[in-house]
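Novice: Can you keep this structure in mind? I'll have questions shortly.
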Amino acid sequence: METIMSFFEENLEMIYLLAFTILLGFEVISKVPTVLHTPLMSGANAISGVVIIGAILLMRRAAPDDYLTLTLGFIGIVLGMVNVAGGFAVTDRMLEMFKKKKKNA
Amino acid sequence: METIMSFFEENLEMIYLLAFTILLGFEVISKVPTVLHTPLMSGANAISGVVIIGAILLMRRAAPDDYLTLTLGFIGIVLGMVNVAGGFAVTDRMLEMFKKKKKNA
Amino acid sequence: MTLDFFTDIAFLAGAIAFVWGLRLLSSPDTARRGNIIAGLGMGIAILAAMFQPMGTVPNNYLWIVGGMVVGGIAGWISARKVQMTAMPQMVSIFNGLGGACAVVLASAELYYFYDGQTALSMGELLILYLALLIGAVAFTGSMLAFAKLQGLVNDRKVTLPYHNILNLIMLAVLLGLTVYALMQGKAFGFNMAMLILALGLIYGFSFVAPIGGADMPVVISLLNSFSGLSAASAGFAYDSRIMIVGGILVGASGTILTILMCEAMNRSLLNVLIGGFGSSGKAGPAGAAGDQVAKEVSLTDAAIQLFYSNSVVIVPGYGLAVAQAQMVVKELDALLEANGVNVKYGIHPVAGRMPGHMNVLLAEADIPYDKLLDLDAANEALAQADIAVVVGANDVVNPAAETDPSSPIYGMPVLQVWKAKNVIVLKRSMNPGYAGIQNPLFFMDNTRMLFGDAKDTLNKLVQEIKNM
Amino acid sequence: MTLDFFTDIAFLAGAIAFVWGLRLLSSPDTARRGNIIAGLGMGIAILAAMFQPMGTVPNNYLWIVGGMVVGGIAGWISARKVQMTAMPQMVSIFNGLGGACAVVLASAELYYFYDGQTALSMGELLILYLALLIGAVAFTGSMLAFAKLQGLVNDRKVTLPYHNILNLIMLAVLLGLTVYALMQGKAFGFNMAMLILALGLIYGFSFVAPIGGADMPVVISLLNSFSGLSAASAGFAYDSRIMIVGGILVGASGTILTILMCEAMNRSLLNVLIGGFGSSGKAGPAGAAGDQVAKEVSLTDAAIQLFYSNSVVIVPGYGLAVAQAQMVVKELDALLEANGVNVKYGIHPVAGRMPGHMNVLLAEADIPYDKLLDLDAANEALAQADIAVVVGANDVVNPAAETDPSSPIYGMPVLQVWKAKNVIVLKRSMNPGYAGIQNPLFFMDNTRMLFGDAKDTLNKLVQEIKNM
Ligand SMILES: NC(=O)c1ccc[n+]([C@@H]2O[C@H](COP(=O)([O-])OP(=O)(O)OC[C@H]3O[C@@H](n4cnc5c(N)ncnc54)[C@H](OP(=O)(O)O)[C@@H]3O)[C@@H](O)[C@H]2O)c1
Ligand SMILES: NC(=O)c1ccc[n+]([C@@H]2O[C@H](COP(=O)([O-])OP(=O)(O)OC[C@H]3O[C@@H](n4cnc5c(N)ncnc54)[C@H](OP(=O)(O)O)[C@@H]3O)[C@@H](O)[C@H]2O)c1
């Protein structure tokens, strides 16, 4: 209990951000119509690629001969980047098709 | 410029909160239908009574013989409380009428 | 530590309750619960502020509780007593009080700073001045808006020649002085700060002065957002997250309502602020009736027409609020329905003087809200209706908005009452409404005027119908 | 200082861009712009992370850029190459990779901690274990889901007897071990942490194993939210606001989609997770056709019927995706429209294997979206239609959902194709669909079957009509 409380106190800022992001996320995403649910999923993939930020920070701190960290960081960056690049690209590809249709209609 | 930057850095937490609350506020409030705009306004009155928190903190810190602060704090608390009590009460009064109608319909 | 944790939890819960409460306001079914939740959040936050650990401080609980009791009672009583038609005034006063509270807080903190009791960074000082100025404008601006709404003040009495230019100059001086104050730091002195405050108070008054009395709803909504912003600024100064959240939510709400009102009137905010057609002064000539003649109808004829019709659409407007006629409308409605007449209401988004104003009034009279039709539905119903009864509405039923590009309200969507077979207009005279312009509706072939105070006239109509 | 400011601004901008981008996804007109804005936000955030001041650190930019190039190219190519019908698989793999990335990060940080290089509070340790475990489950779970979707793995091969109880026990052990690890602090050791990771990986696999292959869309969406939550946990560990925001948004999105899917299928999440009717194994008996006989129609007859009808409603389903028949559908549509037939599409919310799946496929074929009717509109159109053409759909057109309370899909809203004058069903056999149950529609009087691969059959139909 003590630990939980001190953890809460120390991370109060992050907890506010957490709470408000949760509220905001549900608010915003519940407005997305069914038609766009598949792009929403792939777009979410892309955004979850934000873990790459952590991998970059890990990597920048790693000693140049700490091959364990370098390897882990490298893997992390590759994995994150696949998500980012792939996610945004495939979402754009899908949404482009929706656009096209609009003009023809 | 320097000052702005250091202010931003020092209050980064609050600025995130600010930004996310703005986004959330617009999201939530734009969903309120016209029918309920008058109660929304008076409800907003009530919520803006949150300044009373500041007045309470001011008052609690004031020396018992610092009559300037005591007076100011007292005024602040009265003003804030009018908003809080009056705002919520009048909003409830209005919304009660909406409820009643529902049952009759 | 322990108590710190609980107060922090309480503030977080309060902030979430505000958001959640506003969210529930998005449907009439959950709105009341939403208000209660927001209120609970406020209660929790106040308790937390009272017992938040602050080391050994004097606390002064007696003063605090005293203030809360005084304010609470005052607020409660006015909330119980106020008439639904006077909601704009009430909201306006509350805005002013909120602003004043921020002014008080900022003044106290500025005093400590210039007195040498506290040290502030330039950013913190800026925040205090923001709270001070926004609060000041919200305060005096709201008071004048209230006075105008209440009819205590005449627009022309408070408007000077070149008033808008004057305002611009005053704003520039105010901002210049504030920047100077920030740069001077402590050397600026408390007295000078109070000079800025005084200027801010004057500016708030002067800012609202030239705006047409009838444009007050837009101004009130704007000042509502100001009172929120001043609370949020004060929150920054007190490092209080819940004040920031609450203030910003109010700011967002006021801003959205302001924008919506301007859109519904088809005008820009700037146009409202620099005093457009709303000011009754200029409207005279446009309001001239020319040589057209409006036809009147007698009470008895009107009663007979209503009694023998199949469907009636009632269009309430600001005059209904003025006359406090909502209960009589309900009576008429019940009477007609009992005789097989189908009665609906056409609600224009800016009918009355506040967004949603008519809904609140008709709700007060217990009229079920499935009878209230919004713009589009009402226009469909009007095209089928035997009689449209216009009760104290004017601009929102003005056909010029659709046909006359030179009209100041051209482009504003209106209720097409003239499409009904017959139109009966209840008002006291041929005087124009809010926009100060004449209404061609009154001269149409199927329109008949029924002059007199709306409540009075409706009462007599009810009597007539009862006697049939 | 200066650079700190700019990186902080950049992260804030990135976080806002994520929210804004998702917001714009709420309309097809702005969705593409939304995706681009979110992408820009990500770009800005990555740059900020690269150049954020961190004192003198080795930076290792070569490794970083190398990794980004490799990952970027891999991602880009797969995004370009993937077929629209394979989107569920793609999303699934991406979920897995996101989870794996969080695992990698958490492992590294745990290594430093147990190695004595860093000190962590119990809370921070908890966060790391959360990132580790949620990421691990997302990783192996997604990989198995992918394999099932791709048909690489048979449900029965990976499901043990009492699998659900086994899973519960494993979960309990996992949580128990983690709590123990938290209490032990550093004494627990990195090897034990890796044991927990191994268990987590096994659990992820085992968690998905008993779930019917056809229930994968729900699972994918759930794992999507897991991958977001693992990113958010990692964000807590790295004190990175943008990671928290991004992760939580993804978590919210996955959660909402999971709930919506369950609702549209009229099942509870628990029912899906402990392996309901989706598992093909149990479905055998219910799928028996009994002694009823379905009537077939010849290609030529079907072509003639279509050609001489006035209105056709096409109901696409999962089979359309399997057969990749979207382009041929468009061809048929164009041909019929050219001959004066009015063609619409009835889109069921859970047609196909992903929410919005049919919309994407038909969009790919350039079918304007005003032709796509949602459930209610489609049912109205069907009641008026001459012919309903069911292309590889089955469960979403099953009348048992309305009439047979014992049916596992009872209560799920369906497209009432049987209300059309005639129904033509394109599928390969009498095999059941996703829910593994027989479809009484096939035995109705106005229903005719047209067996064969959908693309093939449609091609032939187009040929027939062209020859008329
Ligand atoms: N609702 C909002 O949020 C909002 C906000 C800002 C502006 N506005 C503006 O307000 C206007 C609202 O239109 P509206 O049609 O409701 O009102 P209006 O155009 O202001 O007309 C009200 C009419 O009611 C009559 N009236 C006043 N007192 C009466 C009484 N006791 N008995 C009978 N009739 C009485 C007046 O004529 P007599 O003097 O001849 O009786 C007047 O013509 C619009 O121009 C709108 O843009 C509304
Ligand atoms: N969309 C979602 O988000 C989602 C999520 C989770 C679950 N689900 C579930 O998925 C189901 C979707 O229903 P649905 O009607 O679209 O699909 P379905 O019920 O799975 O039926 C698909 C039918 O397509 C036929 N088919 C397969 N390959 C074909 C081909 N190459 N050519 C022609 N026909 C082919 C199959 O019959 P043959 O083998 O005889 O050809 C099968 O009966 C629902 O039960 C829903 O609950 C959907």
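These protein sequences, in sequence, are chains A, B, C and D.
Residue 84 in the numbering used here sits at position 84 of the first sequence, with consecutive numbering throughout.
Adding 105 to a residue's 1-based position in the second sequence gives its number in the numbering used here.
Adding 210 to a residue's 1-based position in the third sequence gives its number in the numbering used here.
Adding 678 to a residue's 1-based position in the fourth sequence gives its number in the numbering used here.
Ideal Cβ positions, reconstructed from N, Cα and C, are used throughout, including at glycine.
Bear in mind the structure is a predicted one, so any value in this text is a computation, not a measurement.
Asn45/A: buried (16+ other C-beta within 10 angstroms of its C-beta) or exposed?
Specialist: Asn45/A comes out buried.
Novice: Classify Ala797/D: buried if its beta carbon has 16 or more other beta carbons within 10 angstroms, exposed otherwise.
Specialist: Its Cβ having fewer than 16 others within 10 Å, Ala797/D is exposed.
Novice: Going by DSSP, what residues sit across from Gly829/D in a beta bridge?
Specialist: Answer is none; Gly829/D lacks a bridge partner.
Novice: For ligand 2, any of its heavy atoms closer than 6 angstroms to the Cβ of Ser1107/D?
Specialist: Yes; taking the cut-off as 6 angstroms, the Cβ of Ser1107/D has a heavy atom of ligand 2 nearer than that.
Novice: Which value, in whole angstroms, describes the spacing of the CA atoms of Phe904/D and Gly414/C?
Specialist: Between Phe904/D and Gly414/C, the C-alpha separation is close to 52 angstroms.
Novice: Nearer than 6 angstroms: is that true of the beta carbon of Met564/C relative to any heavy atom of ligand 1?
Specialist: Under cutoff, so the answer is yes.
Novice: Is any beta-carbon of chain B found at less than 7 angstroms from that of Met453/C?
Specialist: Closer than 7 angstroms: yes.
Novice: List the residues of chain A that Phe113/B touches, going by C-beta distances under 7 angstroms, in chain order.
Specialist: Under the 7 angstroms cutoff, chain A gives no residues; its nearest Cβ is about 15 angstroms from Phe113/B.
Novice: Do Ile158/B and Ala259/C have their C-beta atoms closer together than 7 angstroms?
Specialist: Yes.
Novice: Name, please, each residue of chain B whose Cβ falls closer than 8 angstroms to the Cβ of Ser331/C.
Specialist: Under the 8 angstroms cutoff, chain B gives Thr108, Ser111, Phe112 and Glu115.
Novice: Out of Leu509/C, Asn434/C and Thr657/C, point me to the one whose CA is closest to Lys629/C's CA.
Specialist: With distances taken between Cα atoms, Lys629/C lies closest to Thr657/C.
Novice: Please report whether the beta-carbon of Phe446/C lies at a distance below 7 angstroms from any beta-carbon of chain A.
Specialist: Answer no: the Cβ-Cβ gap between Phe446/C and chain A never drops below 7 angstroms.
Novice: So, helix, strand or coil for Ser490/C, using DSSP?
Specialist: Unreliable placement is indicated for Ser490/C, whose pLDDT of 39 sits below 50; the coordinate value is still reported in the next sentence. DSSP places Ser490/C in helix when its eight states are reduced to three.
Novice: Applying the 10 Å Cβ sphere with the 16-neighbour rule, what's the burial state of Glu334/C?
Specialist: Counting Cβ neighbours within 10 Å, Glu334/C comes out buried, since at least 16 surround it.
Novice: Should Gln761/D be labelled buried (16 or more other beta-carbon atoms within 10 Å of its own) or exposed?
Specialist: Exposed, since its Cβ has fewer than 16 Cβ neighbours within 10 Å.
Novice: Taking the straight line between their C-alpha atoms, what separation do you get for Ser490/C and Asn364/C?
Specialist: Its pLDDT being 39, under 50, Ser490/C is placed unreliably in this model, and the value from its coordinates should be taken loosely. Distance between the alpha carbons of Ser490/C and Asn364/C: 9 angstroms.
Novice: Using 8 angstroms as the cut-off, can you tell me whether the segment 598-616 of chain C makes contact with the segment 455-466 of chain C, which would need three or more C-beta pairs spanning the two stretches below that distance?
Specialist: With a cut-off of 8 angstroms, the segment 455-466 of chain C and the segment 598-616 of chain C do not count as touching, because too few Cβ pairs lie within range.
Novice: Can you pull the chain D neighbours of Leu128/B, defined as C-beta to C-beta under 9 angstroms?
Specialist: Residues of chain D passing the Cβ test: Ile694, Val697, Trp698 and Arg701.
Novice: If we ignore side chains and look at the alpha-carbon of each, how far apart do Ala961/D and Ala942/D end up?
Specialist: Its pLDDT being 40, under 50, Ala961/D is placed unreliably by the model, and nothing is read from it.
Novice: Between the beta-carbon of Ala447/C and the beta-carbon of Ile337/C, is there less than 7 angstroms?
Specialist: Yes, the Cβ-Cβ distance between Ala447/C and Ile337/C is below 7 angstroms.
Novice: Classify Gln730/D: buried if its beta carbon has 16 or more other beta carbons within 10 angstroms, exposed otherwise.
Specialist: By the neighbour-count rule (16 or more Cβ atoms within 10 Å), Gln730/D is buried.
Novice: Using a Cβ-Cβ cut-off of 7 angstroms (strictly less than) and excluding sequence neighbours within five positions of Pro963/D, which residues of its own chain qualify?
Specialist: Because the pLDDT at Pro963/D is just 41, under 50, the model does not fix this residue reliably, and the value given afterwards should be weighed accordingly. Answer for Pro963/D: no residue qualifies.
Novice: Can you say whether Asn677/C is buried or exposed, counting buried as having 16 or more other CB atoms within 10 angstroms of its CB?
Specialist: Classification of Asn677/C: exposed, given that the 10 Å Cβ count is below 16.
Novice: Could you check whether Gly181/B and Val347/C sit closer than 7 angstroms to each other, using their CB atoms as the reference points?
Specialist: No. Outside cutoff.
Novice: Between which two residues does the beta strand (DSSP E) holding Ala598/C run?
Specialist: Per DSSP, Ala598/C belongs to the beta strand (DSSP E) from Ile597 to Val601.
Novice: May I ask you to report which of helix, strand or coil DSSP gives Ile1115/D?
Specialist: The answer is coil: DSSP assigns Ile1115/D none of H, G, I, E or B.
Novice: Any heavy atom of ligand 2 closer than 6 angstroms to the CB of Tyr996/D?
Specialist: Tyr996/D Cβ: within cutoff of ligand 2.
Novice: Any heavy atom of ligand 2 inside 6 angstroms of the beta-carbon of Val1103/D?
Specialist: It does not: the Cβ of Val1103/D is nowhere closer than 6 angstroms to a heavy atom of ligand 2.
Novice: Tell me which residue opens and which closes the beta strand (DSSP E) that Ile634/C is part of.
Specialist: Its beta strand (DSSP E) spans residues Asn632 to Lys637.
Novice: Quick one: list the residues of chain A neighbouring Leu122/B, beta-carbon separation under 9 angstroms, in chain order.
Specialist: Glu13, Tyr16, Leu17 and Phe20, listed in chain order.
Novice: Would a check of beta-carbon distances place Phe652/C closer than 7 angstroms to chain G?
Specialist: Note that chain G does not occur in the displayed structure, where the protein chains are A, B, C and D.
Novice: Have a look at His1026/D and Met861/D and give me their C-alpha separation to the nearest angstrom.
Specialist: Each residue's alpha carbon lies about 51 angstroms from the other.
Novice: Between which two residues does the beta strand (DSSP E) harbouring Asn552/C extend?
Specialist: Its beta strand (DSSP E) spans residues Asn552 to Gly556.
Novice: Given that Glu1009/D touches chain A, what residues does it touch there, using C-beta distances under 7 angstroms?
Specialist: Within 7 angstroms Cβ-Cβ: nothing; Glu1009/D doesn't reach chain A, min ~15 angstroms.
Novice: Under 7 angstroms, do Val195/B and Ser147/B count as touching if we go by C-beta distance?
Specialist: Closer than 7 angstroms, so yes.
Novice: Helix, strand or coil for Ser756/D per DSSP?
Specialist: Here Ser756/D sits in helix by DSSP.
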